[in-house]
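Here the sequence shown stands for residues 151 to 524, where the numbers follow my numbering.
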Amino acid sequence: MAEITIGSRIRKSPFFNAARDAGATHYTIYNRMYMPTSFGDPIGEYERVMTGVSIWDVGAERQVEISGPDARTLTDLLCARSLANLKPGRARYAPMCNHDGILINDPIALCLADDRWWLSIADSDVLLHCQAVAGAGGYDVRVVEPDVSPLAIQGPKAEAVCRDLFGDSVMDELGFFHHRPISLDGIPMVICRSGWSRQGGVELFLTDGSRGQELWDRVMAAGEPYGIAPGTPHQMERIENGLLSYRSDTDDDTDPFEAELGKWVDLDGRDFVGRAALMSRQADAGARRRLVNVTIDGELPACENPWPATCDGAPAGSLRNATWSPKLGKAVGLALVPVAYAQAGTQLNVDADGNPLVVTVSAVPFGESLTAPA
Ligand code: THG
């Protein structure tokens, strides 16, 4: 049984000790930090986020803070989705491209004030990219990684926990993707109605990393009557509900249209990093590939690699991720395939590290929730 080394070379979230003491069993490395991925009971953790409430250390979702007179202009330029009219106190899912139109992150952009923004990032070093674009363009901004670490409370009972913690008026006014600064017994944070599940909940962006244990304990205590327990962003829930895992579902040459993020790309009436390249990619051949849902027949081994797919012997992309779906009662996955193989019903042969699998492209496009058979 291989284990990951815990040491000082990889950064720790302010909730690291709390999550470890609570029984975290598996970690991934995300933004050069440890991030828990399991507490050893995948189905129990799935049930909890689907029907109850769970608490997640997602402190590795770092913020890129852009502040100063040109903050809005630069943040808008960095994102494929327009942020020109995003109001303070609001957030927007905003994919980012490099100058070749390749997806390099899929952050949530939070407008804290007209001159202060956070990009709440997925796993890639876009701080350097943002600093370089700012410097090369002579923008009047400061671009840093601040001491800000999200703690997620997710699941249908998250609402009740938050009402007990923060009061009804705060929660009544907090719409989806709305946020505001708040404190709990003097612990400073920004509360946002967001999170990487479709089961509802909030994220608490702790703004004093020395107080992670205190915040974790406060949330656990408030959640006790509702059966709260530690969990993590969940592979089954997010694949069932079409949430992208950047760099897990995508490779180093995926554009946002291929990743099915086209609805979050505003090509018209504005410029942004990667726009010109995306325009010519679109004009050339349309999206070369698509990320599709598949259902899987056969015994599913642990998906540790993108597995190559073929169709009638011809290369047909790869199966990037696969997991059991409790909702469908069968294995499902995400395949990144040439458009010729993206139609519903197409069958692909997959070499799962020596195990042959037959997978079928689903009629439900990636980005929508899979529906259980009637
Ligand atoms: N929370 C925070 N930061 C993050 C994530 C998070 N950074 C990386 C990663 N997760 C970003 N990925 C997503 C993907 C989808 C959504 C949120 C984060 C999401 N999308 C809605 C949808 O697709 O319908 C809403 C989009 C919108 O209205 O703008 O919620 O989880 N802090």
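Glycine included, C-beta positions come from ideal geometry on N, C-alpha and C.
What distance in whole Å lies between the Cβ atoms of VAL294 and GLU215, which are believed to be in contact at a cut-off of 8 Å?
By 1-based counting over the sequence shown, the position of residue 215 is 65. By 1-based counting over the sequence shown, the position of residue 294 is 144. A Cβ-Cβ separation of about 5 Å places GLU215 in contact with VAL294 under the 8 Å criterion.
Please classify HIS249: is it buried, with 16 or more other beta-carbons within 10 angstroms of its beta-carbon, or exposed?
Taking the first residue of the sequence shown as position 1, residue 249 is located at position 99. So HIS249 ends up on the exposed side.
I'd like to know whether the C-beta atoms of LEU228 and VAL487 end up nearer to each other than 7 Å.
Taking the first residue of the sequence shown as 1, we reach residue 228 at position 78. Taking the first residue of the sequence shown as 1, we reach residue 487 at position 337. For LEU228 and VAL487, no; Cβs fall outside 7 Å.
Please state whether the Cβ-Cβ distance between LYS477 and GLU390 is less than 7 Å.
Translated into positions along the sequence shown, residue 477 becomes position 327. Translated into positions along the sequence shown, residue 390 becomes position 240. For LYS477 and GLU390, yes; Cβs fall inside 7 Å.
Just checking my contact of ILE254 with VAL276 at CB under 8 Å: how many whole Å lie between their CB atoms?
Taking the sequence shown and counting its residues from 1, the one referred to as residue 254 is at position 104. Taking the sequence shown and counting its residues from 1, the one referred to as residue 276 is at position 126. With 8 Å as the limit, ILE254 and VAL276 qualify as a contact, their Cβ atoms being about 6 Å apart.
Considering only the beta carbon of each residue, do VAL514 and LEU469 sit closer than 7 Å?
The residue you call residue 514 lines up with position 364 of the sequence shown. The residue you call residue 469 lines up with position 319 of the sequence shown. Taking 7 Å as the Cβ cut-off, VAL514 and LEU469 do not qualify as a contacting pair.
How many angstroms separate the CA atom of GLY359 from the CA atom of TYR184?
Position 209 of the sequence shown, counting from 1, holds the residue named residue 359. Position 34 of the sequence shown, counting from 1, holds the residue named residue 184. Using only the alpha carbons, I get a separation of about 15 Å.
Throw me the rounded Cβ distance for the ASP503 and TRP457 pair, which I believe falls under 8 Å.
Here residue 503 is taken as the residue at index 353 of the sequence shown, counted from 1. Here residue 457 is taken as the residue at index 307 of the sequence shown, counted from 1. Confirmed, about 7 Å.
Keeping to the same chain, check which residues put their C-beta closer than 7 Å to that of GLU308; ignore five residues upstream and five downstream.
Residue mapping note: residue 308 aligns to position 158 of the sequence shown, counting from 1. The sequence as given places Ala at residue 308; Glu does not occur at that position. So the qualifying residues of the chain are VAL203, GLY350, GLY351 and VAL352.
Roughly how far, in whole angstroms, is the beta-carbon of ASP399 from the beta-carbon of ALA409, given that I think they are within contact range, below 8 Å?
For the purposes of this step, residue 399 is taken as the residue at position 249 of the sequence shown. For the purposes of this step, residue 409 is taken as the residue at position 259 of the sequence shown. The pair is a contact, with the Cβ atoms about 7 Å apart (cut-off 8 Å).
Please tell me whether ILE92 and ILE179 are closer than 7 Å, where the distance is taken between their beta carbons.
Any answer about residue 92 is impossible in this case: the structure gives the chain only from 151 up to 524.
So GLU374 and ILE337 are in contact, right, with Cβ under 8 Å, and what is the actual spacing, rounded?
In the sequence shown, counting from the first residue as 1, residue 374 sits at position 224. In the sequence shown, counting from the first residue as 1, residue 337 sits at position 187. Not really, about 18 Å apart at Cβ, beyond 8 Å.
Closest to ASN167 by C-alpha separation, out of TRP366, GLY495 and ASP403, would be which residue?
Here residue 167 refers to the residue found at position 17 when the sequence shown is read from its first residue. Measuring from the Cα of ASN167, the nearest candidate turns out to be TRP366.
Quick check on the contact list: which residues have their beta carbon closer than 6 Å to a heavy atom of the ligand THG?
GLU211, ARG242, TYR243, ASP256, PRO257, ILE258, SER270, ILE271, ALA272, PRO300, PHE327, SER344, GLY345, TRP346, GLU353, LEU393 and LEU394
Which residue's Cα is closest to the Cα of LYS162: ALA210, ASP447 and THR223?
Counting from one through the sequence shown, the residue named residue 162 turns up at place 12. Residue ALA210 holds the alpha-carbon nearest to the alpha-carbon of LYS162 among ALA210, ASP447 and THR223.
If you follow the beta strand (DSSP E) that GLN213 is in, where does it begin and where does it stop?
Translated into the one-based positions of the sequence shown, residue 213 becomes position 63. Note, GLN213: beta strand (DSSP E), 213 to 217.
Give the secondary structure of MET339 by DSSP, where H, G and I count as helix, E and B as strand, and everything else as coil.
The residue labelled residue 339 in the question sits at position 189 within the sequence shown. Strand, per DSSP.
Could you tell me whether the segment 279 to 290 touches the segment 230 to 242, where touching means 3 or more Cβ pairs closer than 8 Å?
no
Please name the residue or residues paired with CYS247 in a DSSP beta bridge.
Here residue 247 refers to the residue found at position 97 when the sequence shown is read from its first residue. In the DSSP output, where bridge partners are listed per residue, CYS247 has LEU253.
Where ALA200 and GLY381 are concerned, what is the direct C-alpha to C-alpha distance, given to the nearest angstrom?
Within the sequence shown, residue 200 is the residue found at index 50, counting from 1. Within the sequence shown, residue 381 is the residue found at index 231, counting from 1. According to the sequence as given, residue 200 is Met; it is not Ala. Each residue's Cα considered, the two are about 12 Å apart.
Can you name, in chain order, every residue of its own chain whose Cβ lies under 7 Å from the Cβ of ALA99, other than the five neighbours on each side?
Here the chain has residues from 151 to 524 only, and residue 99 is not among them.
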